[in-house]
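Enquirer:
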Amino acid sequence: MLNPWLLILPAFLVLLVFNIFPLIWSLGISFHRFSIIIRETPRYVGGLNYISMLTSPEAWDRLQRTGTFLFYSLLFQFGVALAVSLLMFEDFKGKRTLLTVFMIPLMIAPIASALFFRYMFDENLGPVNNFLESVLGIRILWFSNEMSPLGIPYSLLTVVMVETWIWTPFITFLLIAGISSIPSDLIEQSRVDSLKFRYKFRYMILPYIKPMLAIALIFRFMDALKTFDSIYVLTGGGPGSTTELISVYIYKLAFERWDFGSATAMSYLVLVIVIFMTNVFMRYVLEGERG
1 MLNPWLLILP
11 AFLVLLVFNI
21 FPLIWSLGIS
31 FHRFSIIIRE
41 TPRYVGGLNY
51 ISMLTSPEAW
61 DRLQRTGTFL
71 FYSLLFQFGV
81 ALAVSLLMFE
91 DFKGKRTLLT
101 VFMIPLMIAP
111 IASALFFRYM
121 FDENLGPVNN
131 FLESVLGIRI
141 LWFSNEMSPL
151 GIPYSLLTVV
161 MVETWIWTPF
171 ITFLLIAGIS
181 SIPSDLIEQS
191 RVDSLKFRYK
201 FRYMILPYIK
211 PMLAIALIFR
221 FMDALKTFDS
231 IYVLTGGGPG
241 STTELISVYI
251 YKLAFERWDF
261 GSATAMSYLV
271 LVIVIFMTNV
281 FMRYVLEGER
291 G
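Per the UniProt record's numbering, residue 1 is the first one in the sequence shown, and the count goes up by one each step.
In structure tokens form, the structure reads like this:
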């Protein structure tokens, strides 16, 4: 009989080549001054790249902007997802069809969705502005740095709305899974007792979707931090640096300034943030399960 370790050897080798080795190699690069356009041997600089990023006003500005993006995008995504999942909790005609249509964004590549909305929100030819002008007599510069009613630039708001359209179905899917785990006898009892919605939500629905909310938050937090493709297609990080989130900033450090040392150092600082926040969310999930 084959040794059990031989069965997992192919998967381990793939993981080693495509994940572990690049991770270790990039960690080493973060401690060196390294640029592919300067023909010199990578020079060891210790923690200088990390110090440079931690003391850079530019890096902190991008982190703050990323935090703003995370707040609004997660707020919109979870708000819409919760509303839709609660709607799906009720029985009505066409429920399955509506849910299928709502899940369509999950089947489309994010970059294709971004290209679609780049046309939809075009300031001159976009259907959205044409509709607003015909109904309200206004045209909004969706890709400008003008402030929206939410206190963020319209360009950043546009990215938030596109990301909401792309990822809300994913969160909805998880919340519906949580709602589906509610015992049927509990649901019937609430209907017999004509339980008011606020009590039904607080004491029956919320306890079952709380773990799913936390899991969805973990996945979306990690994924939203590395949002790049939709931003690159919609705004390219502009105008100026209005939509230059930390992922775009790292890209520009590496492939426009050719400063791979600083780019990898910033990537590992973001990784530390992700690990810390994931631990916080997981602790919440585990405490909820114990409760």
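Backbone N, C-alpha and C fix where the C-beta goes; we use that ideal spot for every residue, glycine too.
1) Does the stretch 225 to 237 come into contact with the stretch 193 to 210, if we say contact requires no fewer than three beta-carbon pairs (one atom in each stretch) closer than 8 angstroms?
2) For residue 4, does the count of other Cβ atoms within 10 angstroms reach 16, so buried, or fall short, so exposed?
3) Using only alpha-carbon positions, find the residue among 109, 286, 261 that is nearest to residue 38.
4) Verify whether the separation of the beta carbon atoms of residue 110 and residue 230 is less than 8 angstroms.
5) Is residue 103 helix, strand or coil when you go by DSSP?
6) Can you find at least 3 beta carbon pairs, one from the stretch 46 to 64 and one from the stretch 264 to 279, that sit closer than 8 angstroms?
7) Classify residue 92: buried if its beta carbon has 16 or more other beta carbons within 10 angstroms, exposed otherwise.
8) Report yes if the C-beta distance between residue 234 and residue 96 is below 8 angstroms; otherwise report no.
9) Is residue 151 buried or exposed, if buried means 16 or more other CB atoms sit within 10 Å of its CB?
10) Tell me the rounded alpha-carbon separation between residue 13 and residue 24.
11) Could you tell me which of 254, 176, 199 sits nearest to residue 216, measuring between CA atoms?
12) Could you round the C-beta distance between residue 84 and residue 172 to whole angstroms and report it? I think they count as a contact, below 8 angstroms.
13) Per DSSP, residue 57 forms a beta bridge with which residues?
14) In chain order, what are the residue ranges of uninterrupted alpha helix (DSSP H) at least 4 long that sit wholly in the stretch 151 to 239?
15) Hey, how far is the Cα of residue 100 from the Cα of residue 77?
16) If we count the other Cβ atoms within 10 Å of its Cβ and call it buried at 16 or more, is residue 194 buried or exposed?
17) Do you know how far the Cα of residue 49 is from the Cα of residue 87?
18) Quick one: measure Cβ to Cβ for residue 81 and residue 168, integer angstroms, because I've assumed they're closer than 8 angstroms.
19) To which residues does DSSP link residue 44 through a beta bridge?
20) Kindly list the residues whose CB is nearer than 8 angstroms to the CB of residue 46, restricted to its own chain and excluding five residues on each side of it in sequence; keep chain order.
21) Work out the CA separation of residue 58 and residue 162 for me, nearest whole Å.
Expert: To lay it out plainly:
1) Judged by pairs of C-beta atoms under 8 angstroms, the stretch 225 to 237 does not touch the stretch 193 to 210, as fewer than three such pairs exist.
2) exposed
3) 261
4) Contact: yes.
5) coil
6) yes
7) exposed
8) no
9) exposed
10) 15 angstroms
11) 176
12) 5 angstroms
13) None; residue 57 has no bridge partner.
14) 154 to 180, 184 to 192, 197 to 200, 206 to 225, 229 to 234
15) Distance between the alpha carbons of residue 100 and residue 77: 18 angstroms.
16) exposed
17) Each residue's alpha carbon lies about 50 angstroms from the other.
18) 5 angstroms
19) 32
20) 31
21) Going from the Cα of residue 162 to the Cα of residue 58 covers about 26 angstroms.
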